[in-house]
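Adding 712 to a residue's 1-based position in the sequence shown gives its number in this note's numbering. For reference, the structure discussed in these notes is given below.
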Amino acid sequence: MPVLIPDGDAYDCRVCGQARGLVQHLRAVVEQDAAAVEAALENLQRQIAAKAGRAGSVCVTLGYPLRDIACVGPRDAGVVVKFVMDPLDVDCKQRTFVAAALAPAADLFEALYKFICTS
713 MPVLIPDGDA YDCRVCGQAR GLVQHLRAVV EQDAAAVEAA LENLQRQIAA KAGRAGSVCV
773 TLGYPLRDIA CVGPRDAGVV VKFVMDPLDV DCKQRTFVAA ALAPAADLFE ALYKFICTS
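What follows is the structure, given as structure tokens:
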């Protein structure tokens with residue numbers, strides 16, 4: 713699956729490291745079959761949507777710098793959260809995209825910074 717990168721003019725983007733617990737959780741997820749990966753991402757999507765107050769308008773992807781392995785939610789969602797894995801914990805990143813039309817974007821970025829999931 714190619715990497716999903718939302719249109720640069722239509723979205724604002726922030727990058728942060730993943731929370732330590734999330735790194736460990738996602739490392740276990742990527743080792744599972746496709747159905748389990750999708751189920752885990754759907755769980756993350758629900759939690760992110762609840763935290764952001766954007767039910768139905770959140771896309772979540774999981775993958776590596778040059779390819780996504782799974783994506784749930786509409787690819788043109790108002791909020792897109794990409795979890796990018798790396799062999800080194802410190803290099804596992806969370807890229808959060810918020811549609812420029814959504815205001816205030818700063819509040820959404822703050823709410824989702826170093827997102828912590830509840831399994």
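Glycine included, C-beta positions come from ideal geometry on N, C-alpha and C.
* To do: Ignore the nearest five residues each way along the sequence and tell me which others in E754's own chain have a CB closer than 7 angstroms to its CB.
  => Within the same chain, Cβ atoms closer than 7 angstroms to the Cβ of E754 are found at V784, the five residues on either side in sequence being excluded.
* To do: Note the first and the last residue of the continuous beta strand (DSSP E) segment covering R726.
  => Per DSSP, the continuous beta strand (DSSP E) segment holding R726 begins and ends at Y723 to G729.
* **Cross-strand partners of Y825 (DSSP beta bridge)** => Its beta-bridge partners do not exist; DSSP assigns none.
* Expected contact under 8 angstroms - CB spacing of V749 and A782 to nearest Å -> Contact between V749 and A782 is confirmed by a C-beta separation of about 5 angstroms, below the 8 angstroms threshold.
* Using DSSP with H/G/I as helix, E/B as strand and the rest coil, what is G785? -> If DSSP states are grouped into helix, strand and coil, G785 belongs with coil.
* Asked: Would you say the stretch 784–794 touches the stretch 766–776, given that touching needs at least three Cβ pairs under 8 angstroms?
  -> Judged by Cβ distances under 8 angstroms, the stretch 784–794 makes contact with the stretch 766–776, as three or more pairs qualify.
* Do the CB positions of V793 and Q806 come within less than 8 angstroms of each other? -> Q806 sits close to V793, with the two beta carbons spaced by under 8 angstroms.
* Asked: Does the beta-carbon of A789 have 16 or more other beta-carbons within 10 angstroms, so that it is buried, or is it exposed?
  -> It is buried - the Cβ of A789 has at least 16 other Cβ atoms within 10 Å.
* Asked: To the nearest whole angstrom, what separates the beta carbons of R758 and D801, a pair I think is in contact under 8 angstroms?
  -> In fact, because the Cβ distance is near 25 angstroms, the residues do not count as touching under 8 angstroms.
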